[in-house]
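Okay, structure first, notes after.
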Amino acid sequence: LKRVWFAAALLLLLAGSGILVSGTIGRLVDHSMSLINDAEALVRQDNFKAAGTVCAEAADHWKGHNKTFSAFLRHDETDAVEISIARLQVFADIGDKDDFLALCVELLEELRHIRDMEKPLPWNIM
Amino acid sequence: MLLSFIRTLIIYPVLIAVMRLMGKRQIGELEPSELVVAMLIADLAAIPMQDAGISLFAGLIPILTVLALEIILSGLAFRFTGFRRFFCGKPVILMENGKILYKSLKKTRVNVNELLEHLREEGILDPSTVKYAILETNGNFTVLPYSKYLPPSAKDSGIQVNEDKIGFSVICDGHWQEDNLARSGKSSQWVLEQLGHHNCGVRDVLLFTVFPGGGIFLSRKDEQH
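Listed below in structure tokens is the structure:
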């Protein structure tokens, strides 16, 4: 019976960890999305310098939590986000508005996908 | 991570149900749940091993979930008979009193040829000599002939036989087996003396077994055919 209780505790621990990780990933990705949204708004106002700073902040945020992302997400997805943020910085530096905005849409979609895929929703489970 | 957990919670019972529906013929040696665990764990472990792009947790979470489910379900099966029947199934009698039970064959989808094959494997050529043939929950066949067709035991024949006595391997591959030495009731000193008689050191021993009563079996590493 001890083993059954141990297994039940393990199951609860796994469920709890899953919920915690899902929440943490969602929160971190949301923050990245909000930074990218800010950068996008700044570029629409042709404020490339400020947008570059926000992109650098987004890159730092992503790299700062890279261990968490890599531990729980597909590595190719986290790498793709990191590369896209770096490209955004370059577009902001050279003042390439069109490419910046296009990449913003792409990156936000990627981040939304990552965030939503972690949610225990019926369509994700199926 | 949470998705892997929930998916495993869904897939595991579904696989068990599938194995149960497939019937005992598909199993062989393992219970349905054991087979499912073996199948799942092998696959789950292989995925993160092969693909470095997949997080290790993606493999570990489902494995731990399967482990926990298996322990809980087998604990429930141990405690509740009804659950055990659902989880493991129940043995099916295919032959009784020399008669083949067609309904049971149909239910388990074991055809007559397969039944006869299993009887032959048990050394039975005449089905009428079978008292019971049972398909066990792990897919194995148990065949019990009428008592009159069973070979006589020593007890039936009134013969006195000595009980087989198990030997204890006290040295294996040059290493002392302390537990076995304690069980053998002999001291290491006594063992060393025996080795001394054979001009052999502990490191030279492949296997040294002590039998109750003091008999020994010694195999040396340097023994030639």
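Chain order of the listed sequences is D and W. Yeah, the first sequence ends on 107 if you go by the numbering used here, and it's all consecutive. Yeah, the second sequence ends on 235 if you go by the numbering used here, and it's all consecutive. From the three backbone atoms N, C-alpha and C, an ideal C-beta is built for every residue, glycine too.
Limits of the alpha helix (DSSP H) - the one that residue i falls within
| i | result |
| --- | --- |
| I64/D | H56 to I75 |
| V180/W | Taken as a continuous stretch (DSSP letters only), V180/W belongs to no alpha helix (DSSP H), being part of the beta strand (DSSP E) at F178 to C182. |
| M14/D | K(-17) to R25 |
| I103/W | It is not in any alpha helix (DSSP H) - I103/W instead sits in the beta strand (DSSP E) that spans V102 to E106. |
| V201/W | S198 to H207 |
| C85/D | K78 to M98 |
| V76/W | L66 to R89 |
| L115/W | Y112 to T118 |
| H42/D | F29 to G45 |
| L125/W | V122 to E131 |
| P103/D | P103 to I106 |
| E188/W | E188 to S194 |
| D166/W | A164 to S167 |
Exposed unless 16 or more other CB atoms sit within 10 angstroms - verdict on residue i
| i | result |
| --- | --- |
| I57/W | exposed |
| Q199/W | exposed |
| F50/D | buried |
| E80/W | buried |
| M105/W | buried |
| A83/D | exposed |
| S13/D | buried |
| L12/W | buried |
| Q170/W | exposed |
| Q26/D | exposed |
| Y222/W | It should be pointed out that residue 222/W corresponds to Pro in this sequence rather than to Tyr. Looking at its Cβ environment, which holds fewer than 16 other Cβ atoms inside 10 Å, P222/W is exposed. |
| E15/D | A small correction: the amino acid at residue 15/D is Ser; Glu does not occupy that position in the sequence shown. Exposed, by the Cβ-count rule. |
| G(-1)/D | buried |
| T147/W | buried |
| P42/W | buried |
| E132/W | exposed |
| E99/D | buried |
| I176/W | exposed |
| L1/D | exposed |
Interface residues of chain D facing residue i [CB-CB closer than 9 Å]
| i | result |
| --- | --- |
| S43/W | Under the 9 Å cutoff, chain D gives no residues; its nearest Cβ is about 13 Å from S43/W. |
| A143/W | Chain D residues near A143/W: none, gap ~35 Å exceeds 9 Å. |
| I26/W | By Cβ distance, chain D contributes nothing, its closest Cβ being about 16 Å from I26/W, past 9 Å. |
| I71/W | L(-5), S(-2) and G(-1) |
Interface partners of residue i on chain D, CB under 7 Å
| i | result |
| --- | --- |
| R17/W | I106 |
First and last residue of the uninterrupted beta strand (DSSP E) at residue i
| i | result |
| --- | --- |
| Y142/W | V140 to L145 |
| P155/W | F151 to P155 |
| L160/W | Per DSSP, L160/W belongs to no beta strand (DSSP E) and is neither H nor E. |
| S229/W | I226 to R230 |
| F218/W | V215 to V220 |
Chain D residues whose Cβ lies nearer than 8 Å to that of residue i
| i | result |
| --- | --- |
| G85/W | L(-18), R(-16), V(-15) and A(-12) |
| I82/W | V(-15), A(-12), A(-11) and L(-8) |
| T75/W | L(-8) and L(-5) |
| A78/W | A(-12), A(-11), L(-9), L(-8) and L(-5) |
Under 7 Å by beta carbon: chain W residues contacting residue i
| i | result |
| --- | --- |
| F52/D | The sequence given here has Ala at residue 52/D, not Phe. The contacting residues are S65 and F67. |
Within 7 Å of chain D by C-beta, residues of the stretch 97 to 116 of chain W in sequence order | The residues in question: there are none.
Contact residues within the stretch -7 to 11 of chain D, judged by C-beta distance below 8 Å to chain W | So the close ones are L(-5), A(-4), S(-2), G(-1), I0, V2 and S3.
Near-chain W residues of the stretch 54 to 79 of chain D - C-beta to any C-beta below 7 Å | Those would be L54, R55, H56 and D57, in chain order.
Take every Cβ of the stretch 91 to 100 of chain D, pair it with every Cβ of the stretch 91 to 105 of chain W, and state whether three or more of those distances are shorter than 8 Å.
-> Contact between the stretch 91 to 100 of chain D and the stretch 91 to 105 of chain W is not established, with fewer than three Cβ pairs separated by less than 8 Å.
Three-pair Cβ contact test at 8 Å for the stretch 60 to 78 of chain D versus the stretch 27 to 45 of chain D = Touching, per the Cβ criterion.
Kindly confirm or deny that the stretch 37 to 51 of chain D and the stretch -1 to 9 of chain D touch, where touching means at least three C-beta pairs closer than 8 Å.
-> Using a Cβ-Cβ distance cut-off of 8 Å, the stretch 37 to 51 of chain D and the stretch -1 to 9 of chain D are in contact, since at least three pairs of beta carbons, one from each stretch, lie closer than that value.
Can you find at least 3 beta carbon pairs, one from the stretch 55 to 67 of chain D and one from the stretch 62 to 69 of chain W, that sit closer than 8 Å?
-> The stretch 62 to 69 of chain W and the stretch 55 to 67 of chain D touch, with three or more beta-carbon pairs separated by less than 8 Å.
The stretch 147 to 159 of chain W in contact with the stretch 179 to 192 of chain W per 3-pair CB rule at 8 Å | No contact exists between the stretch 147 to 159 of chain W and the stretch 179 to 192 of chain W.
Assess, as a yes-or-no matter, whether the stretch 70 to 88 of chain W is touched by the stretch -17 to -7 of chain D under the definition of 3 or more beta carbon pairs within less than 8 Å.
-> Touching, yes.
Cβ contact (3+ pairs, closer than 8 Å) linking the stretch 118 to 127 of chain W and the stretch 87 to 98 of chain W | Too few Cβ pairs lie closer than 8 Å, so no.
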